[in-house]
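Enquirer:
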Amino acid sequence: MATKRLMAAFVLLIFFFPMAFCIGNSNKNYIVDFGEQHKDVQLHEMEDIHRSYLRLVKETDEEAEACHLYSYKHSFNGLAASLTPEEASRLARIKGVVSVRESKGRKAYSLHTTRSWNFLDLKHPANHDHDDDDDGILSRAKYGQDIIVGILDTGIWPESKSFSDEGMDPVPARWKGICQNGTAFNASTCNRKIIGARYYLNGYQGTFGLLDESQDIKSARDKDGHGTHLASIIAGRTVPNVRGYGGFAGGTASGGAPMARLAIYKVCWVWPGSSFESGNHCDDLDITKAFDDAIGDGVDVISFSFGFDDAQNFVRDKSAIGSLHALKKNIVVVSSAGNSGPDDQTVTNVAPWLITVGASHTDRTFPAPLVLANGTKIQGQSITPVQMDNSLHSLVLASDVEKPTISETDSGYCLDGSLDSEKVKGKIVMCLRGKGSPLHQSLEVKNKGGLGFILGNDPDHGNDVSCLPNQIPSTGVAFEDTKKLIHYIRTTKDPKARILPGRTSFNSKPAPTITSFSGRGPNPIDPNFIKPDIIAPGSEILGAWTDVDGPTRNSKGGDMRKTQYNIMSGTSVSTPHVAAAAVLIKAIHPTWSASAIKSALMTTASTTDNIGNPITDQDGKPATPFEMGSGHLRPLKAADPGLVYNATYEDYVLYTCGLGLTHGMNIPYQCPAEVPEPVNLNYPSIQISRLLGTKTVTRRVTNVGRSNSTYTFHSEAPKEYTITASPNVLVFDHIGQELSFNITITVVSWNYPTQYDPDLYYFGSYAWTAKDHVVRSPVAVSFP
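Residue numbers (numbering that gives the first Met the number 0): 0 to 783.
#1: Kindly confirm or deny that the stretch 583-601 and the stretch 640-649 touch, where touching means at least three C-beta pairs closer than 8 Å.
#2: Terminal residues of the continuous alpha helix (DSSP H) containing D421?
#3: Can you tell me the Cα-Cα spacing of L541 and I382, whole angstroms?
#4: Just to confirm my understanding: we take S74, look at its own chain, exclude 5 residues before and 5 after, and list those with CB closer than 7 Å. What are they?
#5: Buried or exposed for W767, please, with buried defined as at least 16 other CB atoms from any protein chain shown within 10 angstroms of its CB.
#6: Considering only C-alpha positions, which residue in the set L600, A252, R260 and E421 is nearest to N565?
#7: For the alpha helix (DSSP H) containing W116, name the first residue and the last one.
#8: So, using beta-carbon positions, are G628 and D532 closer together than 9 Å?
#9: From what residue to what residue does the alpha helix (DSSP H) around F740 run?
#10: Beta-carbon separation of S398 and G205 under 9 Å?
#11: Using DSSP with H/G/I as helix, E/B as strand and the rest coil, what is T723?
#12: Quick one: residues in its chain with C-beta nearer than 7 Å to the C-beta of A477, no 5 flanking neighbours on either side, listed in chain order?
#13: Check for me: the beta strand (DSSP E) holding Q686 runs from which residue to which?
#14: For A779, which three-state DSSP category applies?
#15: Kindly give me the distance between the Cβ atoms of C466 and Q440, rounded to whole angstroms, as I take these residues to be in contact under 8 Å.
#16: Buried or exposed for Q41, please, with buried defined as at least 16 other CB atoms from any protein chain shown within 10 angstroms of its CB.
#17: In terms of residues, what are the limits of the alpha helix (DSSP H) holding K482?
#18: Evaluate P550 with the Cβ neighbour count: other Cβ atoms within 10 Å of its Cβ, from every protein chain shown; 16 or more gives buried, anything less gives exposed.
#19: Roughly how many whole angstroms lie between the Cα atoms of F655 and L454?
#20: Are G202 and D282 touching if we call contact CB-CB under 9 Å?
#21: Does the stretch 421-429 come within contact of the stretch 445-454, defined as at least 3 CB pairs closer than 8 Å?
#22: Do G704 and A769 come within 9 Å of each other at the CB atom, strictly closer than that value?
#23: Classify S573 as buried or exposed, calling it buried when 16 or more other Cβ atoms lie within 10 Å of its own Cβ.
#24: In chain order, which alpha helix (DSSP H) runs of at least 4 residues are fully inside the stretch 155-211?
#25: Per DSSP, what are the beta-bridge partners of A637 in this structure?
#26: Any idea if N553 is buried or exposed, counting beta-carbon neighbours within 10 angstroms, 16 or more meaning buried?
#27: Using the C-alpha atoms, what's the distance from V269 back to E62?
#28: On the DSSP letters alone, give me the boundaries of the beta strand (DSSP E) that H67 sits inside.
#29: Is the stretch 567-584 in contact with the stretch 739-748, if contact means three or more CB pairs nearer than 8 Å?
#30: Between the alpha carbons of L353 and Y682, how many angstroms are there, rounded?
#31: Just the Cα atoms here: how many angstroms apart are S714 and L635?
#32: Give the DSSP bridge partners of V332, in chain order.
#33: Please state whether DSSP places S322 in a helix, a strand or coil.
#34: Are G860 and G379 close, meaning C-beta to C-beta below 9 Å?
#35: Could you pull the start and end residues of the beta strand (DSSP E) that M429 belongs to?
#36: Please return the same chain residues whose Cβ sits closer than 7 Å to the Cβ of D60, not counting the five positions on each side in sequence.
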């Protein structure tokens with residue numbers, strides 16, 4: 000019997016891992032493009048054709064079969080294969096092959112709701128999915144019913160109450176996807192909520208070898224928690240009386256579009272050898288195949304929250320290429336801006352056909368004060384459920400309790416192995432933020448015998464404190480309070496303190512504010528338009544969770560706690576808020592293009608906080624479009640934007656022609672002799688780099704509001720330039736009418752070369768206003 004089980008396991012191993020025969024030290028993963036699609040060819044026929052090419056460079060038919068990883072049909076005609084560089088070079092010279100490019104893996108950011116939707120004025124019913132909401136958008140959209148959302152991430156935990164299909168209609172007949180069998184996941188695991196699930200391992204295993212199933216689950220089931228969390232923010236059912244670990248953020252959880260359908264594409268896996276589950280690898284081959292399948296399956300919206308550490312040229316970025324193919328099918332694609340802020344040029348996923356989302360704080364906070372021995376109370380924040388006793392305990396700086404071998408540049412950060420257990424035991428340790436992860440830092444204090452952990456912000460993080468469900472009493476404090484604590488410790492003979500337990504608090508002001516980690520512009524790839532596009536709640540957001548990992552995603556590090564709902568931060572969790580809003584708009588306006596939906600979200604976004612002042616960053620300074628894009632998400636307004644900036648697939652292809660990227664992106668299109676300037680892409684915002692004198696750009700808007708309406712031009716500009724429009728009044732007589740206009744930016748106050756700084760931008764805006772609509776666009780200009 001044991002022998003039969005072993006043989007069965009061996010057969011499954013060969014079936015699911017055919018490229019095992021071609022793994023070698025010199026093998027790499029490549030994507031091969033054959034140009035024009037063959038729409039009438041079935042996938043299995045295309046696979047046979049593709050393998051015939053591999054037989055021309057491989058020694059045996061068996062090896063060609065084993066090294067064929069994927070065939071791509073719905074987005075482009077191509078294959079993925081494991082090849083040696085010499086084989087790749089030979090294949091590239093064969094007639095019919097357009098290009099052969101090496102694939103690159105990527106490590107995702109945060110991989111990159113009980114309050115956030117209310118904060119966005121999207122009122123969900125308390126206990127079910129079908130009560131009328133206050134403003135009508137949810138009922139008008141039928142709660143996203145029958146809109147299909149494809150999520151490319153770490154999978155899903157299908158047993159969560161957030162994914163119940165109770166009361167849902169049958170799966171839409173247009174759905175063409177599958178529910179793929181795998182470990183602890185089969186066809187019956189899907190339901191009328193999770194209507195499809197696939198997983199992709201060939202790229203990952205081609206890089207790292209066989210998946211270690213003690214680290215991840217070989218199916219669409221989510222061990223990490225990241226994908227489950229995001230799916231619930233987009234389309235989770237309404238579930239009352241939930242809370243994060245330790246009782247924080249309690250209330251009724253709901254996705255933004257609770258009746259939408261979910262299609263899961265697991266492309267991200269635990270990074271081999273990582274000591275924390277939160278280290279993930281998402282491979283280009285797998286991502287490309289997931290996009291290809293999602294397009295063929297029939298999704299309406301795609302959401303992904305991963306990316307390179309730095310923004311990539313679109314030729315190299317397979318997410319950019321896959322999402323452009325999706326847009327050809329009018330699929331809205333929403334992506335994260337990355338978590339590498341607050342430095343400039345840290346925004347990622349910057350292709351103009353993507354909706355790129357930054358992160359903000361809501362008005363919910365988690366106060367966890369620190370009481371000093373002299374009676375001073377310093378306000379911190381924490382979602383740590385572990386409480387300290389009522390006594391005061393010695394308070395020390397990490398730099399004073401380190402091992403003598405720690406370098407000056409690493410001093411004070413509580414990096415792994417840096418603290419001296421004899422000096423730390425029984426004390427509260429304040430560590431500086433800025434190097435290492437806060438979770439690792441807290442574990443270093445805990446493992447060395449510390450009683451409490453304080454994370455003191457550096458200047459970059461300002462007022463944006465970190466909240467984590469640590470395993471030791473903890474609190475995070477702002478930069479100014481960090482300086483006060485350092486002064487107290489340095490000037491007090493016997494400094495002591497006590498960390499009070501955290502609690503959930505609402506109606507904080509001002510809110511929203513920009514998170515310090517959110518990726519910033521200016522756009523590092525193309526200076527012709529602004530990125531990110533928009534911001535949405537991305538700090539301390541509650542969502543559904545996996546049942547096999549703890550709230551810190553660190554079971555390897557000893558966190559064996561379990562929770563059905565967890566609190567996470569990152570642009571990873573701001574992205575699904577915008578994706579859900581896109582679902583609702585798609586449901587209300589099914590004929591709108593993907594770019595029209597994007598425009599509606601951007602031009603109706605808010606630039607003010609809950610006290611009527613401009614939205615601010617982590618330092619309390621007014622946020623710029625490079626931090627917040629067009630502003631903060633407002634789903635209610637986006638459902639009725641008045642005007643939209645429409646851009647077709649051909650518009651975007653012409654844009655790639657203008658950048659000279661069309662051939663490199665393997666787009667089967669013959670660029671005309673004259674192409675529009677990239678800055679003239681019909682985008683809802685404008686960025687002009689190194690302006691000298693005057694620049695005029697063209698735009699066009701489509702009326703989606705009232706049949707007979709008149710819009711008047713208004714602008715706000717800094718003293719350095721003016722913004723004018725021609726014409727400055729737009730008169731529409733029917734819905735669907737499109738009118739063009741020119742925007743002219745003119746330098747009026749620029750002292751060249753004494754003010755020379757080509758990376759310094761000046762921000763303005765313009766808007767078309769009617770009786771009941773304001774259609775606003777940010778403007779960013781730099782000078783030579």
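We put the CB at the ideal spot given by N, CA and C, even for glycine.
If you're wondering where the values come from, they're calculated on a predicted model, not measured in any experiment.
Expert: Reading off the structure:
#1: yes
#2: At residue 421 the sequence reads Glu, which differs from the Asp that was named. That run of the alpha helix (DSSP H) goes S420 to V423.
#3: 12 Å
#4: F290, D291, I294, G321 and H324
#5: buried
#6: A252
#7: S115 to F118
#8: yes
#9: Here F740 belongs to no alpha helix (DSSP H); instead the beta strand (DSSP E) covers E737 to V746.
#10: no
#11: strand
#12: N456, G461, N462 and V464
#13: I685 to I687
#14: strand
#15: About 14 Å separates the two Cβ atoms, so there is no contact after all.
#16: exposed
#17: F478 to T490
#18: buried
#19: Reading off the sequence, residue 655 comes out as Thr, not Phe. Straight-line Cα distance between these residues: approximately 45 Å.
#20: yes
#21: yes
#22: yes
#23: buried
#24: 201-207
#25: Answer by DSSP bridge pairing: none, since A637 is not bridged.
#26: buried
#27: 28 Å
#28: H67 to Y71
#29: no
#30: 11 Å
#31: 24 Å
#32: I301
#33: helix
#34: This structure leaves residue 860 out entirely; the chain is present only between 0 and 783.
#35: I427 to L431
#36: R54
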